[in-house]
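Residue numbers (our numbering): 5 to 522. A virtual CB, placed ideally from N, CA and C, is assigned to each residue, including glycine. Some notes on the structure that comes next.
This is the structure in structure tokens:
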């Protein structure tokens with residue numbers, strides 16, 4: 005039996021999880037329930053626990069601090085985050101502590117069992133590995149990584165090392181990756197660690213390695229057991245999931261060139277070259293994936309299709325809400341694919357690229373939508389398709405979904421921003437909070453905060469302070485009120501805080517600003 009610990013400051017939540025989940029059916033036993041992270045750590049110190057299910061928001065020690073302590077103390081415990089706050093900021097902070105999954109409280113009955121199964125799989129894999137590997141795991145992985153790097157860069161590797169480290173028991177998919185950092189910020193080590201975490205989350209069925217090559221260039225190696233049947237479409241699905249995570253959680257622009265699946269270790273270098281060739285074809289800005297076409301068309305009458313251009317045009321038309329022209333463009337694409345004499349598998353891949361790009365572009369319009377579920381259905385539909393008609397029909401369906409989301413959310417977002425801004429204008433002199441605004445516009449505060457920032461690029465707090473400072477500047481130039489009086493007039497009860505906020509947005513304090521405008 006796997007030993008489960010529940011950590012939540014709400015007793016009814018702990019009781020609900022304890023009694024509404026079929027723990028016996030999951031081969032699990034709830035051995036402890038705690039009110040906060042301190043109680044949990046005290047228990048873990050002296051007792052065996054396999055899986056911790058914890059809330060984020062708790063007194064004394066919260067869920068994030070609990071995750072941090074578990075990781076730093078190297079407790080052999082898997083953690084599932086249970087929270088009422090589907091806030092990407094919390095998720096981003098928790099990912100670096102290698103949590104297994106995130107489950108929303110009001111969905112725990114349906115979602116928690118699958119998260120527990122994920123944790124059990126990780127625990128089982130760890131137990132198997134600890135018995136199997138005679139070398140220390142770190143030494144083993146480090147040298148295997150060294151061998152794979154040498155093979156990719158066409159350097160000599162002995163047959164003995166290939167056999168010793170089981171290199172020949174895998175098939176491989178190679179990705180060449182270019183990382184560009186927003187605002188010139190370079191955090192290569194932390195970025196690589198984060199990408200490794202994303203790989204662990206999305207590709208848990210495969211082993212993987214991330215190899216720093218040079219500056220902002222890395223290589224990702226996916227190791228696929230030769231006994232498993234895995235299609236390139238499936239690997240591409242996982243890479244697209246990683247691109248979605250990067251877009252939400254990291255200040256990075258990532259481009260991926262992906263090779264075909266490689267069946268021989270002697271072809272790893274060739275696969276890396278093809279991944280780099282695919283990467284070199286990417287010209288657009290933003291997180292992008294391009295797959296190397298290992299079966300180029302030889303027919304003299306074959307039509308050369310610019311899939312990247314088709315992708316851009318269809319995405320642009322879709323995001324404008326022009327369904328008729330989007331469908332015409334998709335029909336044109338279908339005709340071009342037929343004329344190109346490409347294999348049907350190649351056509352599937354082209355449609356997959358376009359549909360995935362549409363989905364990634366629509367994410368910003370509705371952060372509450374389950375796009376992972378949409379993508380899973382998309383990949384299955386494309387895999388199951390047998391005719392070009394089916395592929396075009398799938399593409400039109402994705403366009404329909406995207407347009408319905410964009411039209412709806414654009415209108416809502418515009419109205420939301422207007423309502424928030426109007427509330428600030430009418431109430432900025434008062435002590436207003438995010439909750440006050442949420443109540444006024446009848447929206448959840450967490451959703452309001454994310455939606456406003458997505459639409460404007462600034463937080464609600466920034467919007468309040470910027471409006472207050474704009475009015476303060478006018479009073480500093482056009483009135484003889486004292487500094488603290490102006491602060492009070494625009495909603496700052498603390499003169500020191502007024503000065504601090506003023507400097508933040510103007511790079512000078514109120515007195516300096518007044519003197520420079522006299």
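Considering only 326, 341, 105, the residue with the shortest C-alpha distance to residue 71 is 105.
Assignment of residue 446 by DSSP, reduced to helix, strand and coil, places it in the coil class. With a beta-carbon spacing of about 6 angstroms, residue 55 and residue 6 fall inside the 8 angstroms limit used to define contacts. When the beta-carbon positions are compared, residue 214 and residue 196 come within less than 8 angstroms of each other. Residue pairing from DSSP places residue 223 in a beta bridge opposite 180, 215. In the structure shown, residue 353 falls within a helical segment according to DSSP collapsed to helix, strand and coil. At least 8 angstroms separates the beta-carbon of residue 151 from that of residue 263. Remark: C-beta atoms of residue 171 and residue 292 do not approach each other more closely than 8 angstroms.
Residue 294 carries a strand assignment under DSSP once its states are collapsed to helix, strand and coil.
Excluding residues up to 5 positions away in sequence, 184 lie with their Cβ nearer than 6 angstroms to the Cβ of residue 257 in the same chain. Here DSSP, grouped into helix, strand and coil, assigns residue 8 to strand. When DSSP states are grouped into helix, strand and coil, residue 169 belongs to the coil group. Under the Cβ criterion (8 angstroms, minimum of three pairs), the segment 22-35 does not count as touching the segment 65-81. The count of Cβ pairs closer than 8 angstroms, one atom from the segment 468-488 and one from the segment 443-458, stays below three, leaving the stretches out of contact.
Straight-line spacing of the CA atoms in residue 238 and residue 441 works out to 44 angstroms. With a minimum length of 3 residues, the unbroken runs of beta strand (DSSP E) contained wholly in the segment 242-275 fall at 256-266. With contacts defined by Cβ atoms closer than 8 angstroms, residue 276 and residue 223 form a contacting pair. Closest by C-alpha distance to residue 363, out of 339, 333, 393, 409, is 409. Sequence-distant Cβ neighbours of residue 101 in its own chain, meaning closer than 8 angstroms and more than five residues away, are 68, 71, 72, 74, 75, 83.
C-alpha of residue 475 to C-alpha of residue 312: approximately 48 angstroms in a straight line.
Distance from residue 465 to residue 407 at the Cβ level is roughly 33 angstroms; contact not present, criterion being Cβ atoms closer than 8 angstroms. Residue 381 and residue 494 have their C-alpha atoms roughly 52 angstroms apart.
Annotation: the continuous alpha helix (DSSP H) that includes residue 507 extends over 499-510. Its chain contains no residue whose beta carbon lies nearer than 6 angstroms to that of residue 520 once the 5 sequence neighbours on both sides are disregarded.
Annotated as distal: residue 182 and residue 244, with beta-carbon spacing of 8 angstroms or more. Taking a C-beta distance under 8 angstroms as the contact criterion, residue 273 and residue 156 qualify as a contact pair.
Looking at the DSSP output, residue 85 bridges to 58, 106. Across the structure, residue 432 and residue 421 are spaced so that their CA atoms are roughly 16 angstroms apart. Exclusion of the five residues before and after residue 125 leaves no residue of its chain whose Cβ lies closer than 6 angstroms to its Cβ. The straight-line gap separating the alpha-carbon atoms of residue 144 and residue 97 is approximately 29 angstroms. The beta carbon of residue 330 lies closer than 7 angstroms to those of 318, 321, 322, 403 in the same chain, with the five residues before and after it left out.
Under the DSSP definition of a beta bridge, residue 228 partners with 175.
By the 16-neighbour rule on beta-carbons within 10 angstroms, residue 515 is exposed.
In the structure shown, residue 185 adopts extended strand secondary structure according to DSSP, grouped into three states. In the DSSP assignment, residue 36 is bridged to 9. Per DSSP, the unbroken alpha helix (DSSP H) holding residue 520 starts and ends at 514-520.
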